[in-house]
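To start, the structure under review is shown below, and the notes come after it.
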Amino acid sequence: MAPAASAQDAPATAASDWRLNGFGTLGLVDVLPHDSWGFRREIDQTAHHDERVRTDVDSRLGLQASWRPDPRLEFVGQLVFKPRAHEAASDESLAWAFAAWHPTPEWEIRVGRTSPDLFLLADVRNVGFAYPWMRPSVDFYGWMPASTLDGADVSHQWQLGDGRLRAKLFAGRTSVTLGSTHDDGDTHGNVRPLMGGTLAFDSNGITIKATVAEAKTRARDPAAVTQAWTGLDALANLPIPVVAPQAAALRDSFPRDVFVTRYAALGASWDASPWQLQAEVSRIAGNFYTSQSWYGYASAARRVDDVTLFTLVGRAHSSHAPLPQPDWAATLTPLVGPAMAAGAQALGQGIASDYNLAREDQRTVSVGARWDVNAQIALKFQVDAVRSAAFGGGMWAYDTTAAHRATVISTGMDFVF
Amino acid sequence: MAAAIRSLSRRRGLVGALAALCLCAAALPARADVWVVVPLSSNVKAMSQKELVDLYMGRSRAFPDGTFALPFDLPRDDPGRAAFYKALTGMDLAQINSYWSRLMFSGQTLPPQPLPGEAAMADLVKRNPSAVGYLLQEPAADKGLRVVLVLKSAK
C-alpha cells in the first residue's frame with residue numbers, strides 16, 4: 001500500500017527543474033577593402049575601422065538560468081556578453097529577467113525584462129546556433145535599437161484547425177546606448193513607453209507573424225534638441241530665399257521634444273525540410289527622418305546531410321532624400337553678424353550631417369554554408385557583397401556620404417550547451 | 418552430375434529458406450522503436466503523433482483534454498533521444514537543438530525537462546499524473562505505465 005499512497009501524493013511536478021544553459025559565437029570577419037569604414041552588425045556595437053581581421057563583430061557569449069517549479073510558472077534570466085558601445089550601462093548585458101505565469105495552458109503573462117517581440121528573429125539575434133547565417137540580415141535587423149523591454153506582456157493562443165494562432169500585447173520601457181560612429185560620443189536612448197502587439201500563425205512548418213508597435217524616446221539632453229529646433233524654426237521664418245526653405249527642411253527632420261517611432265512588420269518562414277525559406281518586410285515611420293524607412297530580406301537555405309547551404313538578400317532604404325548641406329554664412333553675416341551666422345551655419349550643417357550620415361540606402365547579397373559538426377557545434381562560412389548608395393551607409397561606422405562597396409568574409413563557430 | 422543436382426538442391430533450399438523468412442517478416446508487425454508512456458493515473462488514453470509533436474516541440478502546454486502536460490526527455494546527446502526525435506519529427510539532433518535554442522534562448526518556453534536515463538524517466542512518469550515520457554523498450558505491464566502511442570523507427 002505504501003508505494004501506491006506515495007504515487008497518489010506525488011506533486012504535480014517533477015523534482016525542481018533548474019537549468020543552466022548557454023550559447024556563444026566565436027567569429028572572424030575580414031572586410032574588403034581594408035579602409036576607414038567600419039562594418040557593424042548592430043547599431044549598439046563599438047565602432048572600428050576595417051583595417052584588419054576583426055573578432056568583435058559576431059563574437060558573443062550568453063548564459064541562461066531557468067527554473068520551473070511548476071508547469072504554470074517559469075523564471076528565466078539571461079546574460080549576453082558582447083562588445084558594446086563604450087558608454088553602455090552594465091545592465092545592458094542583462095537580456096532576460098522575467099517570471100512567466102500560465103493561468104491556463106493557453107495564457108501566458110510575463111513580467112520583468114523581456115524583449116520587444118518586433119520581428120521573427122528579434123529575440124534570438126545573439127544565438128547563432130539558431131539560424132543558418134553568420135548573423136541575421138544586417139540590412140533588416142542591424143538598425144533595431146531596442147533589444148530589451150522592462151515591462152510586461154500577455155499572450156494567448158488558439159487552436160485553428162491544424163494550426164495555432166497566437167496574439168500578444170507588450171508594454172514597457174527600454175534604454176540602449178548606441179555606439180559612436182564618428183568618435184562624437186555614444187548616443188543614449190531612453191524609450192518610454194514602448195508598446196505593441198503581435199499576431200502569429202503557424203501550421204505545418206509555416207509561420208506568419210505581423211507586428212505593430214510604437215515607441216517614444218527622449219534624447220538624453222532634451223533642452224539641446226528643443227534649442228536646435230527653435231533656432232531652425234526662427235531661421236525658417238526669416239524672409240531670406242534659400243536659407244528659409246533649407247532651415248524649414250532641417251527643422252522638419254526632427255521633433256522639438258519627443259521622438260516617436262512606429263513599427264509595422266510582416267514576416268513569414270517555411271520550414272519544409274530540407275528547405276528553409278524566410279522573408280520579412282518592415283515599415284518604420286515616425287516624426288523624425290531617421291525613423292522613416294523600409295527594410296526587407298529574403299533567405300533560402302537547403303540542408304544536405306550535415307551541411308546547410310544558404311543565400312540571403314537584404315535591403316534597407318530610408319524614405320527621405322538626403323538633406324541639403326547649408327551654406328548660409330555669407331548670406332546671414334550682413335544680417336545677423338558673423339558670430340550668429342557662424343552659429344546658424346554650424347547648427348544647420350550638424351543637423352544635415354547627422355541625418356545624411358545615418359541615412360540608409362543599402363543592399364546586401366550573401367551566400368554561405370553551415371556545417372553541424374555535432375548536435376551542439378556548428379561551423380559557418382559566409383560572404384556578403386554590400387553595396388551602399390551615396391548617402392546610404394548609415395549602418396557603418398566612420399562612413400562618409402560617398403557610395404561604398406565592400407565584401408565581408410566571415411567565418412565562425414556557434415555552440416550551445 | 419550428382420554434384421550439380423546437390424548444388425541445385427542446396428540453392429533451392431537456400432532460396433526457399435529466404436522466401437520463408439521474408440514471408441514471416443511480412444507477416445510480423447513493423448518494428449516499433451519508441452513507446453510513449455503516461456502514468457496509469459493519467460486521464461490520457463491515447464495520443465496522436467501530431468499531439469505529441471505539439472508537446473515536444475513547445476507548441477502546446479496541454480494534453481488534448483486541456484490539462485497541463487509535463488513532458489520529460491532524455492539527456493541532450495543521448496542516442497535514445499536522437500531515435501525519439503527522428504521517429505517523431507524526422508529531424509536529427511542538431512536540427513532539434515537548433516530549433517530549441519530558438520525557443521529557449523528567446524524566452525518563449527523551456528524544452529522538456531531532461532532526466533538522466535530511461536529508468537528515471539519511467540520512475541518519474543509513473544509517479545506524476547501530468548507526465549508524459551518515452552522509452553526505447555516496451556514497459557512491462559506491472560510498471561504502472563500506460564502506452565499511449567508507439568512511434569515506428571524512422572527509415
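So the protein lines, in turn, are chains A and B.
The opening residue of the first sequence carries number 1 in our numbering; numbering runs sequentially from there.
The opening residue of the second sequence carries number 418 in our numbering; numbering runs sequentially from there.
Note that beta-carbon positions come from the ideal geometry of N, C-alpha and C, so glycine has one too.
None of these values were measured; they are calculated from a predicted model.
Taking the continuous beta strand (DSSP E) assigned at L26(A), which residues delimit it?
D17 to L32 is the span of the beta strand (DSSP E), which, as asked, contains L26(A).
When L510(B), G475(B), F522(B) and S465(B) are compared against R19(A), the one with the closest alpha-carbon
Taking only the C-alpha atoms, the option nearest R19(A) is F522(B).
Based on DSSP bridge pairs, tell me the residues matched to A504(B).
According to DSSP, which records beta bridges pairwise, A504(B) is partnered with nothing at all.
Using CA atoms only, rank isn't needed, just tell me which of A265(A), D30(A), K209(A) and D17(A) is closest to T407(A).
Of A265(A), D30(A), K209(A) and D17(A), the residue nearest in Cα terms is D30(A).
Within 10 angstroms of the Cβ of G561(B), are there 16 or more other Cβ atoms? Answer buried if so, exposed if not.
Classification of G561(B): buried, given that the 10 Å Cβ count is 16 or more.
Alpha carbon to alpha carbon, what distance is there between W452(B) and P556(B)?
Roughly 8 Å separates the two Cα atoms.
Need the endpoints of the alpha helix (DSSP H) that R544(B) sits in, please.
For R544(B), the uninterrupted alpha helix (DSSP H) segment begins and ends at E535 to R544.
From the beta carbon of N514(B), is the nearest beta carbon of chain A less than 8 Å away?
Contact with chain A is found for N514(B), since one of that chain's Cβ atoms lies less than 8 Å from the residue's Cβ.
Does the beta carbon of W275(A) sit closer than 8 Å to a beta carbon anywhere in chain B?
It does not: the Cβ of W275(A) has no partner Cβ on chain B nearer than 8 Å.
Secondary structure, alpha helix (DSSP H): runs of 4+ residues fully inside the segment 459-485 of chain B:
Runs of the alpha helix (DSSP H) lying entirely within the segment 459-485 of chain B and spanning at least 4 residues, in chain order: 466-473.
Where DSSP assigns a beta bridge to G524(B), which residues make up the other side?
Listed as beta-bridge partners of G524(B) by DSSP are no residues whatsoever.
Compare the C-alpha of H86(A) against each of Q45(A), G27(A) and G412(A) and name the closest.
Nearest option by C-alpha distance: Q45(A).
Start and end residues, alpha helix (DSSP H) containing V227(A):
Reading off the sequence shown, one finds Gln at residue 227(A), where the question assumed Val. Unbroken alpha helix (DSSP H) run through Q227(A): P222 to A236.
Beta-carbon separation (whole angstroms), A369(A) vs T308(A), contact threshold 8 Å
Going by Cβ atoms, the distance from A369(A) to T308(A) rounds to 7 Å, so yes, they are a contact pair.
Reference A390(A); option with closest CA among A247(A), L347(A), Y398(A) and H404(A)
Ranking A247(A), L347(A), Y398(A) and H404(A) by Cα distance to A390(A) puts H404(A) first.
Closest by CA to L505(B), which one among D471(B), P531(B), R519(B) and A486(B)?
Minimum Cα distance to L505(B) is reached at D471(B).
How is E108(A) classed by DSSP in three states: helix, strand or coil?
Three-state DSSP puts E108(A) in a strand.
Sort D327(A), A300(A) and A264(A) by Cα distance to P241(A) and report the nearest one.
Comparing Cα-Cα distances from P241(A) to each of D327(A), A300(A) and A264(A), the minimum goes to D327(A).
Since G475(B) meets chain A, which of its residues come closer than 7 Å, beta carbon to beta carbon?
Taking the beta carbon of G475(B) as reference, no residue of chain A falls within 7 Å; the closest one sits roughly 11 Å away.
Does the distance from the CB of R41(A) to the CB of A397(A) come in under 8 Å?
Here R41(A) is not near A397(A), since their CB atoms are 8 Å or more apart.
Among D70(A), D139(A) and G77(A), the one whose alpha carbon lies nearest that of W101(A)
Proximity to W101(A) across D70(A), D139(A) and G77(A) peaks at D70(A), based on C-alpha coordinates.
Considering only C-alpha positions, which residue in the set F480(B), P528(B) and L568(B) is nearest to Y551(B)?
Of the candidates F480(B), P528(B) and L568(B), the one whose C-alpha sits nearest the C-alpha of Y551(B) is L568(B).
For G267(A), return the contacting residues in chain B, with the cut-off set at a CB-CB distance below 7 Å.
Within chain B, no C-beta atom comes nearer than 7 Å to that of G267(A); the closest sits roughly 14 Å away.
How about M134(A) and S410(A): do their beta carbons lie closer than 8 Å?
When the beta-carbon positions are compared, M134(A) and S410(A) come within less than 8 Å of each other.
Between which two residues does the alpha helix (DSSP H) containing T331(A) stretch?
Under the DSSP assignment, T331(A) falls in the alpha helix (DSSP H) whose first and last residues are A329 to V336.
What first and last residue would you give for the alpha helix (DSSP H) that runs through R251(A)?
Run containing R251(A): V243 to R251, per the alpha helix (DSSP H) assignment.
Whose C-beta lies closer than 6 Å to the C-beta of G128(A) among residues of the same chain, with five residues either side of it excluded?
Within the same chain, G128(A) has close Cβ partners T25 and D414.
Do the segment 259-273 of chain A and the segment 281-296 of chain A touch if we need at least three Cβ pairs shorter than 8 Å?
Cβ pair count under 8 Å is three or more, so yes.
Just the chain B side, please: which residues come within less than 9 Å of F98(A) by C-beta, in chain order?
Neighbours of F98(A) in chain B, taken as residues whose beta carbon is under 9 Å from its own, are G524 in chain order.
Going by the CB atoms, is the gap between L277(A) and I351(A) shorter than 8 Å?
Contact: no.
For F39(A), three-class secondary structure by DSSP:
Judged by DSSP in its simplified three-state form, F39(A) adopts coil rather than helix or strand.
Taking DSSP's pairing of strands, which residues face Y297(A) in a bridge?
Its beta-bridge partners are E280(A) and G314(A).
Element boundaries [alpha helix (DSSP H), containing F140(A)]
V138 to Y141 is the span of the alpha helix (DSSP H), which, as asked, contains F140(A).
For E214(A), which residues does DSSP report across the bridge?
Bridge partners of E214(A): M195(A) and R262(A).
Less than 8 Å separating the beta-carbons of T207(A) and A213(A)?
Taking 8 Å as the cut-off, the beta carbon of T207(A) is found no closer than this to the beta carbon of A213(A).
Straight-line Cα distance separating D139(A) from L347(A)
Answer to the nearest angstrom: the Cα atoms are 30 Å apart.
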